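Using the working numbering, the letters of the sequence shown correspond one by one to residues 1230 to 1410.
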Amino acid sequence: MNMKVLAFVGSPRKGGNTETLIDEALRGAKDVGAAIEKIRLSELTIKPCLGCFECLEKGQCIHRDDFDALRGKMLAASHWILGTPVYFFAPSGQLKTFIDRWISIPRDLTEGKKVMGLIALEDTTTETARTTAEMLDLTVRERRMTFTGAVVAPHLLNVGDAQMHPEYLEAAYSAGRDLVA
Ligand SMILES: Cc1cc2nc3c(=O)[nH]c(=O)nc-3n(C[C@H](O)[C@H](O)[C@H](O)COP(=O)(O)O)c2cc1C
């Protein structure tokens, strides 16, 4: 079975809390035999969806940018990890802009993939991440994929904070392992 995990870092902060959690999840997936790859969305040019629906007519998005190459990688992977900080009760703009471009991929091409979320936030309660987790869950299922759940890691503000929480690192590692196991 093809076990390729593609992880998307929704935070623009290199080495930040989201990326730290993603690295742990990928380590878990790799330890059970998956091939892994990490994509920092903020380093790519992914233009916002124009809502023109040309993709539905012509089978290709009107934009020519880094999503073209990403699309091939997305379809080749069996599992995805979506990582994001909470930005005002929602995913980061980088992750949302990327997700909006999924409209150009027919659902039957993503059907059956397994997807998990990783969410970092400053607030001390997981309730603040509820809308973000729900959005990821609903969107993934709308695309006929399986959402295996989100690891929510509150009380993280600055780069380096996630490393001070071994419980989050363990939860991310286990979730990555369980995603493909
Ligand atoms: C624009 C912006 C909006 C934010 N909004 C929230 C919020 O609504 N609730 C919250 O708990 N944290 C909020 N945060 C804090 C981040 O979620 C937190 O710092 C997180 O750990 C950043 O993850 P990163 O290190 O991967 O960038 C916000 C941060 C920024 C920059």
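Think of the CB as a built atom: it goes at the ideal place given N, C-alpha and C, for glycine as much as any other residue. Fair warning: this is a prediction, and the values are worked out from it, not measured in the lab.
### Task
Mind listing, in chain order, the continuous beta strand (DSSP E) runs of no fewer than 3 residues lying wholly within the stretch 1254-1325?
1264-1269 and 1308-1314
### Message
Any heavy atom of ligand 1 inside 7 Å of the beta-carbon of residue 1269?
### Response
no
### Message
Determine whether the beta carbon atoms of residue 1388 and residue 1244 lie at a separation below 8 Å.
### Response
yes
### Query
For residue 1398 versus residue 1377, is the C-beta spacing smaller than 8 Å?
no
### Query
Under 7 Å from any heavy atom of ligand 1, does the C-beta of residue 1352 make it?
yes
### Query
For residue 1273, which option in 1323, 1344 and 1319 has the closest C-alpha, if you only look at C-alpha atoms?
1323
### Query
Just reading off the alpha helix (DSSP H) that residue 1349 is part of, what are its end residues?
Looking at the DSSP string, residue 1349 is not in any alpha helix (DSSP H); the run it does join, the beta strand (DSSP E), is 1343-1349.
### Query
Between which two residues does the alpha helix (DSSP H) carrying residue 1354 extend?
No alpha helix (DSSP H) holds residue 1354; DSSP gives it neither H nor E.
### Paired residues, beta bridge with residue 1233 - DSSP
1264
### Task
Helix, strand or coil for residue 1380, going by three-state DSSP, please let me know.
strand
### Message
Between the stretch 1356-1363 and the stretch 1308-1327, can you find at least three pairs of beta-carbon atoms closer than 8 Å?
### Response
yes
### Task
Determine which residues share a DSSP beta bridge with residue 1238 and list them.
1269 and 1312
### Query
What are the boundary residues of the alpha helix (DSSP H) that includes residue 1224?
Because the chain spans 1230 through 1410 in this model, residue 1224 falls outside it and cannot be assessed.
### Task
Pull up the distance between the alpha-carbon of residue 1379 and that of residue 1289, whole angstroms please.
30 Å
### Message
Can you list, in chain order, the residues of its chain with a C-beta nearer than 7 Å to that of residue 1366? Leave out the 5 residues immediately preceding and following it.
### Response
1376
### Query
Hey, residue 1390 and residue 1231: beta-carbon distance below 8 Å or not?
no
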